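Asks:
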Amino acid sequence: MPNPLPGICALSPYVPGRSIAEIREKYGLKNVVKLASNENPLGASPLAVEAVRRHAASIFRYPQGGNPRLAKALADKHDIDPARIVLGNGSDEIIDLLIRILAQPGVHNIVSCRPCFSIYPIQAGISGVSARQVPLAGDFSFDLPALYEMMDINTRLVFLTTPDNPSGYCPQRNKILEFSKKLHAEYPDILLVIDEAYMDMAPDSGNLSLLSQGILPGNTAFLRTFSKSYGLAGLRLGYGVLPPEIAECFWRARLPFSVNLLAEEAAIAALEDISFREATMHAIREGRTLLSAGLKRLGCEVWPSAANFIMFKLPEGTSASGAYEALLRKGIIIRPLGSYDMPEHFRVSIGRHDENLAFLAALEQILAKGSQNVTHYNN
Ligand SMILES: *Cc1c(COP(=O)(O)O)cnc(C)c1O
Numbered sequence: 008m009p010n011p012l013p014g015i016c017a018l019s020p021y022v023p024g025r026s027i028a029e030i031r032e033k034y035g036l037k038n039v040v041k042l043a044s045n046e047n048p049l050g051a052s053p054l055a056v057e058a059v060r061r062h063a064a065s066i067f068r069y070p071q072g073g074n075p076r077l078a079k080a081l082a083d084k085h086d087i088d089p090a091r092i093v094l095g096n097g098s099d100e101i102i103d104l105l106i107r108i109l110a111q112p113g114v115h116n117i118v119s120c121r122p123c124f125s126i127y128p129i130q131a132g133i134s135g136v137s138a139r140q141v142p143l144a145g146d147f148s149f150d151l152p153a154l155y156e157m158m159d160i161n162t163r164l165v166f167l168t169t170p171d172n173p174s175g176y177c178p179q180r181n182k183i184l185e186f187s188k189k190l191h192a193e194y195p196d197i198l199l200v201i202d203e204a205y206m207d208m209a210p211d212s213g214n215l216s217l218l219s220q221g222i223l224p225g226n227t228a229f230l231r232t233f234s235k236s237y238g239l240a241g242l243r244l245g246y247g248v249l250p251p252e253i254a255e256c257f258w259r260a261r262l263p264f265s266v267n268l269l270a271e272e273a274a275i276a277a278l279e280d281i282s283f284r285e286a287t288m289h290a291i292r293e294g295r296t297l298l299s300a301g302l303k304r305l306g307c308e309v310w311p312s313a314a315n316f317i318m319f320k321l322p323e324g325t326s327a328s329g330a331y332e333a334l335l336r337k338g339i340i341i342r343p344l345g346s347y348d349m350p351e352h353f354r355v356s357i358g359r360h361d362e363n364l365a366f367l368a369a370l371e372q373i374l375a376k377g378s379q380n381v382t383h384y385n386n
């Protein structure tokens with residue numbers, strides 16, 4: 008049997024949120040609330056579900072190569088040239104391919120923040136490309152001068168996530184624009200990739216909207232996904248808006264049918280489901296306010312978020328791992344941020360109203376019990 012490459016064996020795998028089935032089985036629970044993976048609180052768009060039903064009998068067919076109908080719908084939505092649009096099996100696939108297309112193993116590097124969405128360094132590692140990371144500032148904002156310092160002539164990609172995961176931080180548009188202009192002037196060989204997985208939930212409209220106005224330099228790319236605000240995480244569909252030359256290469260490198268037929272049909276339908284989108288945004292705004300206020304009331308430290316999740320820390324003196332475990336026992340799954348090197352921080356996704364309340368009630372009970380214990384031991 009051949010040995011897997013040492014570089015591959017040394018990788019830390021991506022740590023996903025715990026699944027409902029796993030927690031149900033482990034704790035013998037009937038109802039489990041999952042607020043761990045930033046999925047849509049309202050489920051999937053009814054029009055998308057209907058499209059999947061309608062096309063179910065067509066699954067014996069290969070999808071159309073290059074998914075041109077969907078690319079056209081997205082180009083119309085963003086008012087840009089369809090030649091810029093690429094589609095992938097989740098935006099994860101696009102991240103992976105961008106690294107493989109642009110960075111030579113053992114020579115080039117990519118730069119991102121730390122902590123960041125872990126797929127960037129993981130996929131770089133798989134490709135044998137070194138991933139440099141620049142610590143976020145103390146308030147979780149981007150240290151743009153330090154990012155800039157970290158680049159050199161062998162840097163090929165810089166990843167920025169706006170709004171950021173896991174903090175929810177969203178920089179002002181003009182900051183990113185300025186950064187991208189400076190980058191373009193000094194390092195024409197670097198592609199700045201702005202991952203806007205959560206941008207449509209932010210009050211700002213994001214930098215992608217600057218593209219159609221021709222304001223952004225040509226070395227800027229964007230990533231968006233159908234996994235979050237469109238509620239299609241299980242179908243796996245993301246898209247990128249790339250410089251046309253790189254988009255052209257992308258289609259040569261991508262596996263021919265990585266976006267499946269049902270994902271394509273569901274996405275085309277979801278793009279038209281205006282009322283589901285409005286209901287989603289409403290639920291996220293309301294839920295964000297409720298959870299943020301509720302967590303603060305319980306004494307947690309809470310970071311402002313422009314996305315469909317909130318990062319927080321428990322009151323001083325509370326065991327993070329103990330509280331996490333206690334929440335699981337009560338059937339509530341949130342995301343501990345140990346895999347982001349922040350063992351004391353959590354990320355909770357905005358759920359439905361009843362789920363948000365169930366989470367806050369469970370946490371309140373756990374914290375009350377914890378403080379009783381502390382009193383008890385102090386006696
Ligand atoms: C969820 C997420 C994605 C999207 O992943 P998909 O592969 O499209 O499901 C991309 N970037 C960030 C930062 C995310 O949080």
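Residue 8 is where the sequence shown starts when you use the numbering used here, and the numbers rise one by one after that.
Using N, Cα and C, we set each Cβ at its ideal position, and we do this for glycine too.
Small disclaimer: the values here were computed from a predicted structure and weren't measured.
1. What is the rounded straight-line gap between the Cα of Thr382 and the Cα of Ile339?
2. Please state the DSSP three-state secondary structure of Ile317.
3. Pick out the complete alpha helix (DSSP H) segments inside the region 18-74, 4 residues or longer, and give them in chain order.
4. Count the C-beta pairs between the region 59-71 and the region 262-271 that are closer than 8 Å, then say yes if the count reaches three, no if not.
5. Do you know how far the Cα of Val93 is from the Cα of Ser299?
6. Flag this pair as touching only if the region 78-96 and the region 109-121 have three or more C-beta atom pairs under 8 Å; answer yes or no.
7. Straight-line CA distance for Asp83 to Arg259?
8. Can the beta-carbon of Asp280 be found closer than 7 Å to that of Leu54?
9. Given that a residue counts as buried once 16 or more other Cβ atoms are within 10 Å of its Cβ, and exposed if not, what is Pro48?
10. Would you identify the three-state DSSP class for Tyr331, choosing helix, strand or coil?
11. Please tell me whether, using a cut-off of 6 Å, the distance from the CB of Phe124 to the nearest non-hydrogen atom of ligand 1 is below it.
12. Quick check: what's the CA-CA separation for Cys256 versus Val39?
13. Under the criterion of a Cβ to heavy atom distance below 6 Å, does Ala270 qualify as lining ligand 1?
14. Quick one: Cα of Arg25 to Cα of Glu332, how far?
15. Once the 5 residues before and after Ala365 are set aside, which same chain residues still bring their CB inside 6 Å of it?
16. Who are the near neighbours of Ile317 in its chain, counting only those whose CB is closer than 8 Å to its CB and skipping five residues on each side?
Replies: Reading from the atomic positions:
1. In the sequence shown, counting from the first residue as 1, residue 382 sits at position 375. In the sequence shown, counting from the first residue as 1, residue 339 sits at position 332. The predicted position of Thr382 is uncertain, since its pLDDT is 42 and thus under 50; a value taken from the coordinates is nonetheless stated next. So the alpha carbons of these two residues sit roughly 26 Å apart.
2. In the sequence shown, residue 317 corresponds to position 310, counting from 1. In this structure, Ile317 counts as strand in the three-state DSSP scheme.
3. Counting only runs of 4 or more, we get 27-34 and 53-61.
4. yes
5. Position 292 of the sequence shown, counted from the start, is the residue given in the question as residue 299. Position 86 of the sequence shown, counted from the start, is the residue given in the question as residue 93. Answer to the nearest angstrom: the Cα atoms are 36 Å apart.
6. no
7. Locating residue 83 in the sequence shown gives position 76, where the first residue counts as 1. Locating residue 259 in the sequence shown gives position 252, where the first residue counts as 1. Those two C-alpha atoms are separated by around 23 Å.
8. Taking the sequence shown and counting its residues from 1, the one referred to as residue 280 is at position 273. Taking the sequence shown and counting its residues from 1, the one referred to as residue 54 is at position 47. Their beta carbons are under 7 Å apart, which means Asp280 touches Leu54 by this criterion.
9. Walking along the sequence shown from the start, residue 48 turns up at place 41. Buried, because 16 or more other Cβ atoms sit within 10 Å of the Cβ of Pro48.
10. Along the sequence shown, read from residue 1 onward, the residue named residue 331 stands at position 324. Residue state, collapsed to three classes: helix.
11. Reading the sequence shown from its first residue, position 117 is the one you call residue 124. Indeed, a heavy atom of ligand 1 lies less than 6 Å from the Cβ.
12. For the purposes of this step, residue 256 is taken as the residue at position 249 of the sequence shown. For the purposes of this step, residue 39 is taken as the residue at position 32 of the sequence shown. Those two C-alpha atoms are separated by around 44 Å.
13. Looking up residue 270 in the sequence shown gives position 263. Not so, every heavy atom of ligand 1 lies at least 6 Å from the Cβ.
14. As a first step, residue 25 must be located in the sequence shown, where it is residue number 18. As a first step, residue 332 must be located in the sequence shown, where it is residue number 325. Straight through space, the alpha carbons of Glu332 and Arg25 are spaced by roughly 12 Å.
15. Stepping through the sequence shown from its first residue, residue 365 is reached at position 358. Closer than 6 Å at the Cβ level, and outside the excluded window around Ala365, lie Val40.
16. Counted from its first residue, the sequence shown places residue 317 at position 310. Here the set comprises Gly175, Arg295, Leu298, Ser299, Leu302, Val309, Trp310, Arg354, Val355 and Ile357.
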